[in-house]
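S.K.: This structure is in structure tokens; I'll ask about it shortly.
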Amino acid sequence: MSTQPMTFNELISGDQPVLVDFFATWCGPCQMMQPILQDTAKQVGEKVKIIKVDVDKNPLAASNFQVRGVPTLILFQKGKILWRQSGVVPTHQLVNVINQNLSQTV
């Protein structure tokens with residue numbers, strides 16, 4: 003039995019929190035976020051799923067969440083926005099935001 007890949011809406015509506023990085027390939031600050039997201043993923047482990055959404059390839063997703071600038075990071079859980087911020091966010095701040103939001107939802 004093959005499993006269908008989850009849609010964006012299914013992903014952000016699940017019980018597991020999802021951190022979405024809305025980015026563009028031409029965006030310098032977006033490229034700076036890549037190692038930060040990798041470090042964050044190592045520190046938070048399986049607690050949060052981190053996905054990247056290219057706003058040029060997915061303009062509808064960007065438009066649905068009023069993403070005006072990139073990078074924009076949005077933390078979702080059960081379809082709700084728990085936190086959002088535009089611009090480069092340092093690893094320690096991202097980890098703190100994730101841990102604070104998880105402690106409130108448990």
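The sequence shown begins at 3 in the working numbering and counts up one residue at a time.
Ideal Cβ positions, reconstructed from N, Cα and C, are used throughout, including at glycine.
Alpha helix (DSSP H) containing ASP23: first to last residue?
M.R.: Start at 1 with the first residue of the sequence shown, and residue 23 comes out as number 21. No alpha helix (DSSP H) contains ASP23, which is instead part of the beta strand (DSSP E) from 20–25.
S.K.: Which same chain residues, not among the five before or five after VAL99, have their C-beta less than 6 Å away from its C-beta?
M.R.: The count along the sequence shown starts at 1 and reaches residue 99 at position 97. So the qualifying residues of the chain are TRP85.
S.K.: By DSSP's criteria, LYS82 is part of a beta bridge. Which residues make up the other side?
M.R.: The residue you call residue 82 lines up with position 80 of the sequence shown. According to DSSP, which records beta bridges pairwise, LYS82 is partnered with GLN79.
S.K.: Within 10 Å of its beta-carbon, does ILE83 have 16 or more other beta-carbons around it, so buried, or fewer, so exposed?
M.R.: Counting from 1 along the sequence shown, the entry for residue 83 is found at position 81. Exposed, by the Cβ-count rule.
S.K.: Between which two residues does the beta strand (DSSP E) harbouring VAL55 extend?
M.R.: Looking up residue 55 in the sequence shown gives position 53. Start and end: 51–56.
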